[in-house]
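Working notes, beginning with the structure itself.
Protein chains: 2
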Amino acid sequence: MLDFEKLYSTTARETKKSAIRELLKLADRPEVISFAGGWPSPDLFPVDAISDLTVKVLKDRGRKVLHYSKAEGEVRLKEELIRYMAKDGVQAAPENILVLTGSQQGLDMLPKAFVDRGDVVFVETPTYVGAIQSFANYGTRMVPVATDDEGMDPEALEKAIQEWKERGEGGRLKMVYLIPDFQNPSGITMSEERRLGVLEVAARHGLLVVDDAPYRDLRFEGESVPSLYTLDKNESVISLYTFSKTLVPGLRVAWAVGPKSLIDKFTTLKQSVDLCSSALAQHVVAEYLAAGMMEQYLPKFIDDYRAKRDIMLKAMDEYLPKLDGLKWTRPQGGLFIWITLPEHLDAEKLFHAAVKEDVAFVLGSAFHPYGGLKNCFRLNFSFAEPDRIREGVARLGRALDVFAKASA
Amino acid sequence: MLDFEKLYSTTARETKKSAIRELLKLADRPEVISFAGGWPSPDLFPVDAISDLTVKVLKDRGRKVLHYSKAEGEVRLKEELIRYMAKDGVQAAPENILVLTGSQQGLDMLPKAFVDRGDVVFVETPTYVGAIQSFANYGTRMVPVATDDEGMDPEALEKAIQEWKERGEGGRLKMVYLIPDFQNPSGITMSEERRLGVLEVAARHGLLVVDDAPYRDLRFEGESVPSLYTLDKNESVISLYTFSKTLVPGLRVAWAVGPKSLIDKFTTLKQSVDLCSSALAQHVVAEYLAAGMMEQYLPKFIDDYRAKRDIMLKAMDEYLPKLDGLKWTRPQGGLFIWITLPEHLDAEKLFHAAVKEDVAFVLGSAFHPYGGLKNCFRLNFSFAEPDRIREGVARLGRALDVFAKASA
Numbered sequence: 002m003l004d005f006e007k008l009y010s011t012t013a014r015e016t017k018k019s020a021i022r023e024l025l026k027l028a029d030r031p032e033v034i035s036f037a038g039g040w041p042s043p044d045l046f047p048v049d050a051i052s053d054l055t056v057k058v059l060k061d062r063g064r065k066v067l068h069y070s071k072a073e074g075e076v077r078l079k080e081e082l083i084r085y086m087a088k089d090g091v092q093a094a095p096e097n098i099l100v101l102t103g104s105q106q107g108l109d110m111l112p113k114a115f116v117d118r119g120d121v122v123f124v125e126t127p128t129y130v131g132a133i134q135s136f137a138n139y140g141t142r143m144v145p146v147a148t149d150d151e152g153m154d155p156e157a158l159e160k161a162i163q164e165w166k167e168r169g170e171g172g173r174l175k176m177v178y179l180i181p182d183f184q185n186p187s188g189i190t191m192s193e194e195r196r197l198g199v200l201e202v203a204a205r206h207g208l209l210v211v212d213d214a215p216y217r218d219l220r221f222e223g224e225s226v227p228s229l230y231t232l233d234k235n236e237s238v239i240s241l242y243t244f245s246k247t248l249v250p251g252l253r254v255a256w257a258v259g260p261k262s263l264i265d266k267f268t269t270l271k272q273s274v275d276l277c278s279s280a281l282a283q284h285v286v287a288e289y290l291a292a293g294m295m296e297q298y299l300p301k302f303i304d305d306y307r308a309k310r311d312i313m314l315k316a317m318d319e320y321l322p323k324l325d326g327l328k329w330t331r332p333q334g335g336l337f338i339w340i341t342l343p344e345h346l347d348a349e350k351l352f353h354a355a356v357k358e359d360v361a362f363v364l365g366s367a368f369h370p371y372g373g374l375k376n377c378f379r380l381n382f383s384f385a386e387p388d389r390i391r392e393g394v395a396r397l398g399r400a401l402d403v404f405a406k407a408s409a
Numbered sequence: 002m003l004d005f006e007k008l009y010s011t012t013a014r015e016t017k018k019s020a021i022r023e024l025l026k027l028a029d030r031p032e033v034i035s036f037a038g039g040w041p042s043p044d045l046f047p048v049d050a051i052s053d054l055t056v057k058v059l060k061d062r063g064r065k066v067l068h069y070s071k072a073e074g075e076v077r078l079k080e081e082l083i084r085y086m087a088k089d090g091v092q093a094a095p096e097n098i099l100v101l102t103g104s105q106q107g108l109d110m111l112p113k114a115f116v117d118r119g120d121v122v123f124v125e126t127p128t129y130v131g132a133i134q135s136f137a138n139y140g141t142r143m144v145p146v147a148t149d150d151e152g153m154d155p156e157a158l159e160k161a162i163q164e165w166k167e168r169g170e171g172g173r174l175k176m177v178y179l180i181p182d183f184q185n186p187s188g189i190t191m192s193e194e195r196r197l198g199v200l201e202v203a204a205r206h207g208l209l210v211v212d213d214a215p216y217r218d219l220r221f222e223g224e225s226v227p228s229l230y231t232l233d234k235n236e237s238v239i240s241l242y243t244f245s246k247t248l249v250p251g252l253r254v255a256w257a258v259g260p261k262s263l264i265d266k267f268t269t270l271k272q273s274v275d276l277c278s279s280a281l282a283q284h285v286v287a288e289y290l291a292a293g294m295m296e297q298y299l300p301k302f303i304d305d306y307r308a309k310r311d312i313m314l315k316a317m318d319e320y321l322p323k324l325d326g327l328k329w330t331r332p333q334g335g336l337f338i339w340i341t342l343p344e345h346l347d348a349e350k351l352f353h354a355a356v357k358e359d360v361a362f363v364l365g366s367a368f369h370p371y372g373g374l375k376n377c378f379r380l381n382f383s384f385a386e387p388d389r390i391r392e393g394v395a396r397l398g399r400a401l402d403v404f405a406k407a408s409a
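Read top to bottom, the protein sequences are chains A and B. Position one of the first sequence corresponds to residue 2 (our numbering), numbered consecutively onward. Position one of the second sequence corresponds to residue 2 (our numbering), numbered consecutively onward.
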């Protein structure tokens with residue numbers, strides 16, 4: 002047999018199976034209540050609408066939507082995206098948009114387009130595990146920047162940039178990667194002041210700013226904060242959006258918005274990444290938007306997730322033991338709550354105790370490029386049923402109580 | 002505005018817009034008969050069947066198929082693929098299969114998994130333009146190996162390997178990339194002897210063999226040659242298949258078959274490339290296979306393409322001028338005919354003359370990593386209507402006649 006290990010690229014050799022996925026296999030039993038997945042609630046999927054729209058698109062457009070699409074995406078979808086984003090203050094032309102096969106494809110194209118091995122990307126602490134994996138595949142050096150309940154601190158970013166330069170380790174500074182709205186995993190939304198501050202620092206140092214915005218439209222309450230794309234004066238922001246959290250993941254329709262020259266480059270790269278996204282899926286989403294169904298269904302998503310967040314937060318207040326240093330975020334939208342344990346407690350040990358109680362979550366270390374945040378973890382509140390949320394938090398409370406006492 | 006050129010990776014800087022695509026824009030007028038695209042005939046797409054199956058899948062499986070799928074692909078589709086491939090003598094287990102979002106995704110993952118900048122891949126002369134682009138994106142050095150009407154010559158491969166080693170330019174030798182059946186662009190099918198010969202040379206030098214097989218099931222006549230995957234005794238072959246040419250491109254369903262450890266590695270990489278392929282599209286294809294529709298519809302594709310090939314070859318015999326050194330292939334399947342002009346004639350000049358006559362094709366140089374094959378070009382016969390094929394070849398004949406006389 003051929004020895005593949007000897008043939009693999011540096012990327013393939015360094016790519017590890019996700020430790021988190023392996024760990025979560027321990028929790029893959031029906032009796033386990035999982036708060037682990039970053040999943041929307043399938044109960045909300047408008048299955049009949051998607052079925053009807055598929056039939057309609059195939060009837061109206063026939064063979065064309067089963068053929069190859071263009072790399073840049075279907076004009077019809079772009080028109081609807083422009084209208085959709087305009088409601089959020091985003092002004093875009095078709096040339097500013099590239100349709101993606103899921104926004105993970107955008108996360109893969111960012112380092113492909115910008116990173117040579119050893120180049121540097123600044124990220125929030127914590128940051129999204131899927132972005133870490135994509136950046137790591139291209140040999141990116143990630144620098145976690147101090148982040149609090151208002152988001153990444155621009156002064157900390159400036160300091161991190163200066164320190165990197167002073168250390169003289171080489172590696173060109175390329176971008177700042179942010180999830181400004183209802184962040185994954187923290188649930189935190191970046192304040193307008195912080196957004197302006199980070200844009201200013203990035204502009205000064207000539208860095209691209211990535212605005213990863215899968216949860217932006219899932220606001221439960223409070224004022225929307227202007228998006229980085231709308232605040233940007235330097236044509237230095239690329240935004241990634243997706244329908245995976247506001248409609249369904251299964252159509253794999255997402256999109257990037259950015260300066261024309263950058264979208265051009267991404268489009269050329271997309272030709273060799275997957276040629277094009279499905280025309281059929283693009284037209285189904287376009288019809289969904291055109292028919293005003295987003296306005297009809299999205300509020301149901303928001304109402305459901307708000308209710309579930311409330312149930313989870315209430316259960317946490319009720320069932321989690323009162324420990325010095327134990328705290329958690331109270332997000333105004335999105336899918337996630339972030340828990341910080343007292344510093345001396347290891348979330349991985351708690352994980353094993355929790356799985357014995359039949360409840361699961363994702364370790365904080367998954368959201369740090371080099372395995373920090375060992376006393377933190379992420380809870381998802383969108384996927385489980387309300388009763389299961391309460392029961393799961395009660396189990397978590399028991400596990401934490403026993404674990405904290407044993408570690409005291 | 003941010004200066005992206007200064008920030009781009011080597012990949013992004015080196016990636017050029019396809020010269021071919023730019024050239025073909027000249028031919029993007031309705032009066033031009035295009036033999037350029039590598040497209041199936043949309044008239045053959047089973048639109049109603051796909052519409053009905055989508056409704057059925059959504060009714061039977063509901064929300065699940067609109068959720069995230071697994072990176073490795075849906076079990077249900079893998080079962081059907083195993084049955085489908087078994088008819089071709091391919092024995093595969095689910096662990097040997099990775100579902101891809103179009104086989105171009107496989108072409109992108111090959112260099113991602115195997116190529117560090119400067120590493121070497123051996124290719125046919127000519128070879129597929131989409132593979133050239135993907136390999137180029139990862140800084141692959143491609144070595145075109147002498148190829149005749151029986152496919153790549155194993156002795157030429159051995160010689161190319163020896164010469165590379167002797168030159169001592171560095172770069173590790175990684176794989177041999179082949180399209181053994183009805184090759185794109187040449188239409189040539191590799192003989193069994195050549196297949197065994199290339200496998201033997203590759204095994205001796207520890208190289209991966211890629212069997213890119215999008216056209217394999219489009220045989221019009223003659224005996225099928227055993228696939229590289231079935232001939233391989235060394236677990237050194239990965240095959241790429243797709244439904245883009247035998248069903249529709251628009252579902253973006255393709256798959257890779259290979260040794261378990263390699264499929265494992267590709268699956269890990271796919272997690273960060275696009276998370277997963279559409280579960281809905283996978284189940285539609287699975288139902289199509291399970292219902293025996295491939296057996297029902299594929300013969301229609303084959304009959305149509307055979308008839309069109311015959312029409313094109315007959316028109317070529319009739320309309321192309323008799324020139325010393327002018328020749329073309331007579332493929333037993335697939336989508337393409339490859340034309341070689343007398344050595345002194347430049348296909349790019351002919352292209353401009355042809356476009357004036359309102360007919361288009363793809364230059365041979367697109368199918369060579371470093372722009373060779375300047376006296377060759379590719380004709381597609383699957384897309385245009387029969388009348389248009391005859392008329393297009395007549396136009397091509399006129400353009401070539403005038404051009405040859407002017408160049409004499």
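Every residue, glycine too, gets a C-beta built ideally from N, C-alpha and C. All values reported here derive from a predicted model rather than from experimental measurement.
- Sequence-distant Cβ neighbours of Gln297/B in its own chain, meaning closer than 6 Å and more than five residues away, do not exist here.
- Using a CB distance cut-off of 7 Å, Phe183/B does not count as an interface residue toward chain A.
- Straight-line spacing of the CA atoms in Glu344/B and Glu236/B works out to 41 Å.
- Under DSSP, Arg84/A shares a beta bridge with no residue.
- Per the C-alpha coordinates, the member of Val33/A, Leu263/A, Asp325/A, Val238/A positioned closest to Ala204/A is Val238/A.
- Distance check between Leu209/A and each of Thr247/A, Pro250/A, Pro260/A, Leu252/A places Pro260/A closest, using alpha-carbon atoms only.
- Taking a beta-carbon distance threshold of 7 Å, Lys175/A counts as an interface residue toward chain B.
- Neighbours of Gly251/B in chain A, taken as residues at a C-beta separation under 7 Å, are given in chain order as Val66, Leu67, His68, Ser279, Ala280, Leu281.
- Rounded to whole angstroms, the gap between the alpha carbons of Asp154/A and Ile162/A is 12 Å.
- Chain A places a beta carbon closer than 7 Å to that of Ser273/B, counting this residue as a contact.
- In the DSSP annotation of this structure, the continuous segment of the beta strand (DSSP E) that includes Arg379/A starts and ends at 377-381.
- Contact annotation, Phe221/B with Arg310/B: C-beta distance approximately 7 Å; criterion of less than 8 Å satisfied.
- Check the Cα spacing between Tyr178/B and each of Lys166/B, Val226/B, Phe115/B: the tightest is with Phe115/B.
- Of all C-beta pairs linking the segment 262-277 of chain A to the segment 125-138 of chain B, three or more are shorter than 8 Å, placing the two stretches in contact.
- At a Cβ-Cβ threshold of 7 Å, Asp213/A and Leu241/A count as neighbours.
- Met294/A and Val33/A have their C-alpha atoms some 35 Å from each other.
- The Cβ of Gly398/B sits no closer than 7 Å to any Cβ of chain A.
- Between Ala405/B and Tyr320/B, the beta carbon gap of about 13 Å keeps them out of contact (Cβ cut-off 8 Å).
- The beta-carbon distance between Ser192/B and Gly152/B, rounded to whole angstroms, is 6 Å. This is short enough to meet the 8 Å contact definition.
- With a contact defined as Cβ atoms closer than 8 Å, Phe368/A and Val66/A miss out at about 38 Å.
- Pairing Ala355/B with Leu24/B, the inter-Cα distance amounts to about 12 Å.
- Just measuring C-alpha positions, the residue of Ala257/B, Ser228/B, Trp165/B sitting nearest Asn97/B is Ala257/B.
- For Val91/A, the three-state secondary structure derived from DSSP is coil.
- In the structure shown, Glu125/A adopts extended strand secondary structure according to DSSP, grouped into three states.
- Taking a 10 Å sphere around the C-beta of Asp4/B, we find fewer than 16 other C-beta atoms and assign the residue as exposed.
- Considered as a whole, the segment 319-387 of chain B harbours 348-357 as its complete alpha helix (DSSP H) runs of no fewer than 4 residues, in chain order.
- Ser278/A carries a coil assignment under DSSP once its states are collapsed to helix, strand and coil.
- Between Asn376/A and chain B, the shortest Cβ-Cβ separation is not below 7 Å.
- Excluding its 5 nearest sequence neighbours in each direction, Tyr306/A has C-beta neighbours in its own chain below 6 Å: Ser383, listed in chain order.
- Only residues of its own chain outside the window of five on either side were considered, and among them Tyr298, Lys301, Phe302, Asp305 have a CB closer than 8 Å to the CB of Leu45/A, listed in chain order.
- When Cβ-Cβ separations below 7 Å define contact, Leu158/B makes no contact with chain A.
- Residues of chain B with a Cβ closer than 8 Å to the Cβ of Lys113/A are, in chain order, Ser10, Thr12, Ala13, Asn138.
- With contacts defined by Cβ atoms closer than 7 Å, Gly172/A and Asp120/A form a contacting pair.
- Per DSSP, the beta-bridge partners of Leu241/A are Asp213/A, Ala257/A.
- Counting only Cβ-Cβ distances below 9 Å, Glu73/B has no contacts in chain A at all, with the closest Cβ about 12 Å away.
- Here the alpha carbons of Glu159/B and Leu281/A stand approximately 46 Å from one another.
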